[in-house]
Amino acid sequence: MLPQTGAAEATAGAIGFWDREWAGEQVYETGWAVLPAFQGRGVATAAARAVAEQARAEGLHRHLHAFPSVDHPASNGVCRGAGFELLGPQDFEYPPGHPIRCNDWRLDLDNP
C-alpha cells in the first residue's frame, strides 16, 4: 500500500538521463532518488526501465550508464534488475571535489 497523500498521484522520487562523455564515447547517464516511503517496492527499477526506453527512443547514443556507489546495494540492485551490465568499479567525483568509488553499469540501447 502506498502512503496516503490526499492526492490522486504521489511523487515517489525522481529519475532522469542526460548526455555525457565517458571513456571517449558520447553516452547517456542516468541517476535516481526514491523517497523513503517508496523504497523497496521496485519503483526505481521500473523507472530505470522506463528511462532506458525513452533514451532508446531518442536514439542519440548507444549506451546508458549509471554510477551508483559501491556501498549502495539498493542502487546497484536497481541496475541489475533493469538489465544493466556491470563493467566494474571506478573512481568518480560527485559532487566535484568529492571522490567516491562507484560501479560503472552500462545498458546497450541497441539491444532491447
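First residue of the sequence shown? That's 135 in this note's numbering, and the numbers climb one at a time after it.
Here a beta-carbon is modelled for each residue, glycine too, at the ideal position from N, C-alpha and C.
Small disclaimer: the values here were computed from a predicted structure and weren't measured.
Burial state of residue i (16 or more Cβ within 10 Å)
{"i": "residue 135", "result": "Any reading at residue 135 needs caution, since the residue's pLDDT is 38, under 50, leaving its predicted position unreliable; the model's value is listed next. With fewer than 16 other Cβ atoms within 10 Å, it is exposed."}
{"i": "residue 157", "result": "exposed"}
{"i": "residue 171", "result": "exposed"}
Paired residues, beta bridge with residue i - DSSP
{"i": "residue 147", "result": "168"}
{"i": "residue 223", "result": "237"}
{"i": "residue 160", "result": "155"}
{"i": "residue 242", "result": "197"}
Rounded C-alpha distance that separates residue i from residue j
{"i": "residue 205", "j": "residue 236", "result": "8 Å"}
{"i": "residue 199", "j": "residue 185", "result": "11 Å"}
{"i": "residue 154", "j": "residue 145", "result": "27 Å"}
{"i": "residue 137", "j": "residue 213", "result": "Model confidence at residue 137 stands at a pLDDT of 49, short of 50, so the residue's coordinates are unreliable and nothing is read from them."}
{"i": "residue 84", "j": "residue 167", "result": "This structure cannot speak to residue 84, because the chain is shown only from 135 to 246."}
{"i": "residue 173", "j": "residue 232", "result": "26 Å"}
{"i": "residue 211", "j": "residue 194", "result": "26 Å"}
{"i": "residue 143", "j": "residue 176", "result": "17 Å"}
{"i": "residue 189", "j": "residue 169", "result": "24 Å"}
{"i": "residue 162", "j": "residue 151", "result": "6 Å"}
{"i": "residue 147", "j": "residue 160", "result": "27 Å"}
Test item: CB-CB of residue i and residue j under 8 Å
{"i": "residue 215", "j": "residue 164", "result": "no"}
{"i": "residue 240", "j": "residue 226", "result": "no"}
{"i": "residue 183", "j": "residue 244", "result": "no"}
{"i": "residue 234", "j": "residue 209", "result": "no"}
{"i": "residue 222", "j": "residue 242", "result": "no"}
{"i": "residue 191", "j": "residue 149", "result": "no"}
Note to self: List, from N- to C-terminal side, the beta strand (DSSP E) runs of 3 residues or more that fit wholly inside the stretch 175-226.
What the structure shows: If only uninterrupted beta strand (DSSP E) runs of at least 3 residues are considered, those enclosed by the stretch 175-226 are 197-200.
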